[in-house]
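Inspection log for the structure reproduced underneath, given as structure tokens.
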Amino acid sequence: MADTQQASETVIVTIDGRSVHAKPGEMVISAAERAGLYIPRFCYHPRLEPVGMCRMCIVNIDTGRGATLQPACVIPVAEGMMVDTVEAGVKKAQDGVLEFLLINHPLDCPVCDKGGECPLQDQTVAFGPGESRFVEEKRHFEKPIPISSLVDLDRERCILCDRCTRFAKDVAGDPLISFVERGNETQVLNFPDEPFSSYFSGNVVQLCPVGALTARPYRFKARPWDLEAVESTCTSCSVGCRVEVQSTQNELVRLVGIDADPVNHGWLCDKGRFGYEAVSGSARVVDPMVRAGGSLAPSSWAAALTAAADGIRSAIDTTGASSVAVIGGARLTNEDAYAWARLAKGVIGTDHVDAQLDDGLPAGLVQGLPRATIDDACSASVVVLLGPDLKEELPVLFLRLRQAAIEGGVHLVEISPAGSGLSPYAMVSLIHAPGEAGAIGQALASGSSDDVAGVAAADIATARDLLGLASGGTPADVVCVLGRPSVAEPATSVEAAVAHLAPAVGSFKVLPALRRANVMGALDAGLAPGLLPGRTSLDSGRQTFTQRWGSVPPEVGLDTAGILSAAADGRIGALVLLGADPLADAPDPELARQALTAARYVVAVDAFHTASAQEADVVLPVATIHEKDGTTTNLEGRVSTLGHKVTPLGTARPDWAVASELARRLGEDLPWIDETEIWTELESVSACHTGITLDVLSDPAWRDGVPAPIPAAGVTIAGVGELPSGAVAAASDEAAGEGDGGSRAADVGSAPLSERPSPITYSPSAGTPELPVRNGYDLRLVAGRRLYDGGTAVTNSPSLAVLAPGSTARLSRYDADRLGVVDGDRVRVRNARAAHELDVEVSGLVARGSIAIAFGQPDGVAASFIDGIVTDVTVETL
Amino acid sequence: MTVTNPDKIVFARMHHPDAHTLGGYLATGGYTALRKALGDMTPEQVHEEVTASNLTGRGGAGFPAGVKWGFLPPEVHPRYLVVNGDESEPGTCKDRQLLERDPHQLIEGSVLTAYAIGAENVFLYVRGEMALAQERMATALNEAYQHGAVGERIFGSDFSVDVVLHWGAGAYIVGEETALIESLEGKRGMPRIKPPYFPAAKGLYFQPTIVNNVETLSNVPWIVRHGGQAFAGLGGGRATGTRLFSLSGHVAQPGNYEVEQHVTTMRDLIYDHAYGDGIRDGNEFKMMVPGGVSAPWLFEEHLDMPLDADEATANKTMLGSGAVVVMDHTTCAVRAAWRIVRFFAHESCGKCTPCREGTTWLERILWRIENGAGRPDDLDLLLDVCDNISPGLDWPPKMTTICPLGPSAPSPIYPSINKFRDEYLTHIKEGACPHG
């Protein structure tokens, strides 16, 4: 059976006398490479459409009509094809191409960033002529010129392979660089007065096969042979792109995308690529700080830990464990998060723990619905976008879905209070009034002959058709990208839409679009009210975790909004900020300020001197990503390993070590000596991490990460193939529910499956609070995020900080016309809480009656307006 | 001398001063072929007549038109006919005359072809620099629409087709059919990679597309009126019918001439009183470009070669676009080669490395030799660089490039070095051009 299948899916070609099994449709160059025959190339890249223009991969190909010189990158394999890559004529043609590429190349390798890792240099050293036959003057261009604030272009070094331009046009959808002129004068260039301002510009530097495109943050920082590298996962957002982290002399200098087939295809966004600058930035906390005499002063670890523990102990003693609260944790590794969950819930005994900052979704909603992978979304018939602008918040997920919509025939249905980067690729965009996604969900489920929440009935009908909900249709299998499109509307808006849609369609799986790095890992570790590690509820897990931890909190605690309110009311004795900066990040900064002031004791566990940390009583410095070992979990639930590349700045320690030290001072010894022991404990108790052992995590076959829960046996993972046998065995036990741990690999210390608590299920509520009626003169606020904002990573990365656009008032054409304003005009935006003057930006993505102001910009404008479940503002011309 | 003087086919109206108007065209039998085809013939019958005529492409490659039409995959629609009016090969000016002087003939031929192949749309791509041709085509097309010869339900039949005019933006490479298609789609005029090998499979907007030259299509009305056999009765071998030659250079009487293929020789074309009327000023013949500057040069010993594509191939060159450029003994072979290579260097689109870098390199070496800075090694270098663009320096050329533009640059170089090596060496030894 397997053999027959193999035969029908294989084309046999002969390459240099060897019989090679190739996939139908595969290009000769990649079939040869898999067979161990490397054909030189410059323009070919497996993730880009072939153009066959550098001509370096020219080989003799005979399909029965005689051998001809053909580029191996554009000729698909065919049965019986004969390929010769070494014949004298082939070698002469390839040498000729190499000479042509070199005649105008400046050969300035000694001062070129690419020198040492340059395909042109390598090829020349290996096969090139010792001396040039070209005696004429070389081609000259001004060098280098900036094409954006992040990328420099040296056109003299360029070999015109079209990789950067293809990437910009085909992958990023930002065709801002292009060939200009022709023939010998051909050059890559941006358009006049229009920089290559793509969120993905760093990828062209990585793609460039020579040193023509260089990254300004990296220029002249290191020579490739001096670099040390580890594989890791980017934690700029929750997509979890695999990266190689490179340093020299204990300083981070570069991140390079790794082609993880199920995740990032080698791409990174610029925030992820260049955000490493923050690690060695001046805002890092390098020593523990303790408030003394009104101001924070450097302290010893011993004194600071004792002070923090005393603060917590005092709260417990005076007002009970439930007067201790922990906010944050999405910045942590899985191991850190588990350690803090155990400290908070098992040692201290409080359930007022929330990794989200009141800007996400209820943990149950994202944890309790069937989960989709990115690949599931990219192969679904319909993807419902019910969340933020992915281009701004989860950029590489945007790239994957954009490609799926363009090439894979995936139909995107967008339900959002404002259009997004994916709107141009959506079959239909239902841009509704803020807070009213539930009404759209209801209309989609049951039909509507009227316009709903500002969305035309015809558009709803189109979407119903796509979802297979129109009469006579078959309900479609849907993947819903679910997140919070705007912090100025309640999470109940999208939850209600899910409540209507999920039962109506064929199948409904969720790809959570919560943006914070390891928010999914934090939730999986139990850093949310009512949750325990392993996506289990306080009640389901009570027995197991009481056994393991000694105790668990008696009842469900507060989320961040509740914690901040309680603190502001003076009901919180000790508030722990776990890499959280509510003053900058919470939708209601005023409430956050009151909370920090009224909480009796504030412990900030942070790597940076954030605004909130400045207000703390004690600041405990922790190591950042790239400074410690561990694992992280992406939005799919995929667990991948992090690389420890540089030593922590100052005396910073991993968050788990801080938790362990505090636990000891609170009277309980947590038994770990390193993060692997924490992982082993987590794996042994968690219902969703079963089988994801340290061995599995370090298995090269799982290099791209392991989805939790581990897929059932028989599932072939793209890019991995068959699951490793140990994992399959574990997974099949899990699937069969046999509870026999005997056949599982590396199962020492694991709880029998029957003793693992069951995962939570969640029934989304269709109930939404009644929205106030909008005054006809006001506009209702939509507050989504931009990639570059006032967040810690961007602010502390000099190359990125300058890119935060600041707040503008984005208006629909209709409202701009009504107000008589055009792009660039100043207007005053005000409501009862605040007033600001802003520039107008007329946008086709904003609905009539709405105003979009980006949340989280350094000026904090959007947050200053937010005053209820929805926020209305008045716009006045000046 | 075997000069025949058959009735003209595509140039039949050249003596009518108003043949470019609808009135002039109708007065000379215009649109009768289209009426006949739509009234009495099935599309297959029109296709069969063209196949029977053995009409070959007049743009350069010389592929039989009827066979090319047969490459269209059945039942795949929409499909398009693209008329290649981007005549840019130096020395070639025949299509321009057809466009300016007999635009309705081209329209009729295009609509007939669209009928034969079932095309929904015709795109007529006219070279950007041909102002009069553009004006005459646009006017004629308006007239043709009004006359009912183009558009909805042509001449009351069930057949409808639209003709879209498009002006080129000034690139030689767009004469290459896939580059022309890219240009039509609004992109940079750069040839597409192969496969797909033929636009007939995937062409304009990745739909089945036939690209035919202006002169090729201008023959179709005559073939439909008189039958494919009548056309095939002219000429001989596989070179049937008449074809246009643009004769230029050092001849007494340059011009566009319609001659019967196969029976007429190159010597007839250059020396006969009806055509070139000999070398100017009684000078000596030295060399010629036989079919556009992409074609390797021919010399005195080739003068009796019949005007037949197969004969040209046997002589390792081509009749290409029908541009014959004659050069007399006052011409410097190095300078002539340099001038042609300079053209290719200027027109290279820049896509393939060997063409982008190689054509300019060749041009600069030739420039050095012509201007007295040549080195003895330069001839071997020239030939080796040529070989790296067109391995083996054979004809039809092998290519390290996508399209034949790059391999065209060697066409003047290696034949002239082979024939006039001493002239090159004189440049190098004396440090100057002996022709001054």
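Chains as they are written, first to last, in the working numbering: chain A, 696 to 1573; chain B, 556 to 991. Beta carbons: idealized from backbone N, C-alpha and C, even for Gly. Just so it is clear, the structure is predicted and the values come from calculations on it, not from any experiment.
Per DSSP, residue 678 of chain B is one residue of the beta strand (DSSP E) stretching across 676-681.
Rounded to the nearest whole angstrom, the CA to CA distance from residue 1519 of chain A to residue 1565 of chain A is 26 Å. Taking CB atoms only, residue 926 of chain B has no neighbour in chain A less than 8 Å away. Residue 1339 of chain A counts as buried, since no fewer than 16 other beta carbons sit within 10 angstroms of its beta carbon.
Neighbours of residue 855 of chain A in chain B, taken as residues whose beta carbon is under 9 Å from its own, are 905, 906, 908, 911 in chain order.
Linking residue 915 of chain A to residue 900 of chain A through their CA atoms gives a straight-line distance of about 14 Å. Comparing alpha carbon positions, the residue from B:987, B:963, B:814 closest to residue 871 of chain B is B:963. Residue 814 of chain B is not a Cβ neighbour of residue 843 of chain B, given a cutoff of 8 Å. Distance check between residue 1257 of chain A and each of A:1019, A:1385, A:1115, A:1141 places A:1019 closest, using alpha-carbon atoms only. Across the set B:704, B:648, B:655, the C-alpha of B:655 shows the shortest separation from the C-alpha of residue 571 of chain B.
Just measuring C-alpha positions, the residue of A:1313, A:1522, A:1259 sitting nearest residue 1293 of chain A is A:1259. Closest by C-alpha distance to residue 916 of chain B, out of A:925, A:832, A:988, A:869, is A:832.
Going by C-alpha positions, residue 593 of chain B is about 9 Å away from residue 713 of chain B. Classified as buried, residue 721 of chain B has 16 or more neighbouring CB atoms from the shown chains inside 10 Å of its CB. In the displayed model, residue 1546 of chain A falls within a strand according to three-state DSSP.
Note that the C-beta distance between residue 1308 of chain A and residue 1314 of chain A is below 8 Å. The count of Cβ pairs closer than 8 Å, one atom from the stretch 1028-1041 of chain A and one from the stretch 1210-1221 of chain A, reaches three, so the stretches are in contact. The CB of residue 647 of chain B never comes closer than 8 Å to any CB in chain A; the least such distance is about 21 Å. The Cβ neighbour count for residue 783 of chain A, taken over all protein chains shown within 10 Å, is under 16; the residue is labelled exposed. With a contact defined as Cβ atoms closer than 8 Å, residue 1569 of chain A and residue 1510 of chain A miss out at about 12 Å. About 15 Å separates the beta carbons of residue 1195 of chain A and residue 1130 of chain A, which is beyond the 8 Å limit, so they are not a contact pair. Residue pairing for residue 716 of chain A: DSSP places it in a beta bridge opposite A:707.
At a cut-off of 8 Å, the C-beta of residue 799 of chain A has a neighbouring C-beta in chain B. Bounds of any alpha helix (DSSP H) do not take in residue 1491 of chain A, whose DSSP letter is neither H nor E. For the options A:870, A:1343, A:1524, the alpha carbon positioned closest to that of residue 980 of chain A is the one of A:1343.
Residues of chain B whose Cβ lies closer than 9 Å to the Cβ of residue 1101 of chain A do not exist; the shortest such Cβ separation is about 14 Å. Judged by DSSP in its simplified three-state form, residue 755 of chain A adopts strand. Interface annotation for the stretch 752-768 of chain A against chain B: 753, 763, 764, 766, criterion Cβ-Cβ distance under 8 Å. Note that the stretch 853-871 of chain B does not touch the stretch 912-929 of chain B; fewer than 3 beta-carbon pairs, one per stretch, sit closer than 8 Å.
The beta-bridge partner set that DSSP reports for residue 562 of chain B is empty. Pairing residue 848 of chain B with residue 723 of chain B gives a Cβ-Cβ distance that is not under 8 Å. Checking the DSSP bridge columns, you'll see residue 786 of chain B has no partner listed. Judged by DSSP secondary structure, residue 1240 of chain A falls within the alpha helix (DSSP H) whose first and last residues are 1233-1244. In this structure, residue 1022 of chain A lies near residue 1052 of chain A, with their beta-carbon atoms less than 8 Å apart. In the DSSP annotation of this structure, residue 1068 of chain A is not part of any beta strand (DSSP E), being labelled neither H nor E. Counting only residues of its own chain and dropping the five nearest sequence neighbours on each side, residue 838 of chain A has a CB closer than 6 Å to the CB of 849, 851.
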